Amino acid sequence: NLQKKVLVVKGGPGTGKSVVAINLLVELIKRQKNSMYLSTNQAPRSVYSKRLSGTMRKSRIDNLFKGTASFVGAERGLYECLIVDEAHRLVEKVRFTPNGENQIKEIIHAANCSVFFIDESQRVTMKDIGTVDGIKDFAKELGAEVRELDLQSQFRCNGSDGYLNWLDNTLGIKETANVN
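Numbering follows our numbering, in which position 12 of the sequence shown is assigned residue number 25; successive positions increment by one, without gaps.
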């Protein structure tokens with residue numbers, strides 16, 4: 014019985030979470046690992062699917078990208094790796110899957126390794142339950158080993174870390190040394 018593993022990758026806006034997530038999927042597919050990219054938002058899945066059209070069968074592409082509500086009742090360890098982008102947008106239960114328990118728990122259960130890309134500051138609705146502590150709690154419950162990584166600097170737009178720290182401090186998101 015394999016030891017389940019959970020990796021939590023934390024990063025603010027523009028730190029490259031989605032870029033790292035999709036590149037991780039590419040590497041796992043190259044290594045022929047049964048892996049999938051998950052997102053609550055259909056838009057990135059559609060973009061990635063279209064970019065891959067013509068490179069492999071459509072059914073194969075469709076099986077690489079799924080919504081996060083796809084794992085209700087999935088068997089334990091069905092996937093080698095599930096990559097969850099925007100994990101802060103996970104919800105407890107999806108209304109069209111009444112038998113669901115909790116998306117975090119279902120994803121960890123269905124994979125030998127789950128990778129959650131998260132920015133807790135980007136939760137946008139009251140239903141969003143994706144937190145680092147929530148992921149760690151379910152990982153512990155399911156006997157998974159947890160590791161955390163931080164993506165620190167701006168990747169997407171070469172933005173200023175100082176500016177983002179000032180913004181976080183000014184908006185009361187988190188206290189930083191950047192007050193001016």
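Ideal placement from N, C-alpha and C gives every residue a C-beta, glycine not left out. From a predicted model like this one, the values you see are computed outputs, not experimental measurements.
In this structure, I148 and A100 form a Cβ contact; the two beta carbons are roughly 7 Å apart against a cut-off of 8 Å. For K118, same chain residues with a beta-carbon under 8 Å away, outside a window of 5 residues either side, are F151, E154 and L155 in chain order. R89 and N36 have their alpha carbons spaced roughly 25 Å apart. By the Cβ criterion, the segment 74-84 is not in contact with the segment 125-140, since fewer than three pairs of Cβ atoms, one from each stretch, lie closer than 8 Å. Runs of the beta strand (DSSP E) lying entirely within the segment 82-129 and spanning at least 3 residues, in chain order: 92-97.
According to the DSSP assignment, G147 belongs to the alpha helix (DSSP H) that extends over V145 to E154. Contact between Y92 and N47 holds, with the beta-carbon distance rounding to 5 Å and staying under 8 Å. Counting along the chain, E40 sits inside the alpha helix (DSSP H) bounded by residues K30 to K43.
In this structure E161 is in contact with V21, their Cβ atoms being roughly 5 Å apart against a cut-off of 8 Å. In the DSSP annotation of this structure, the continuous segment of the beta strand (DSSP E) that includes S48 starts and ends at S48 to L51.
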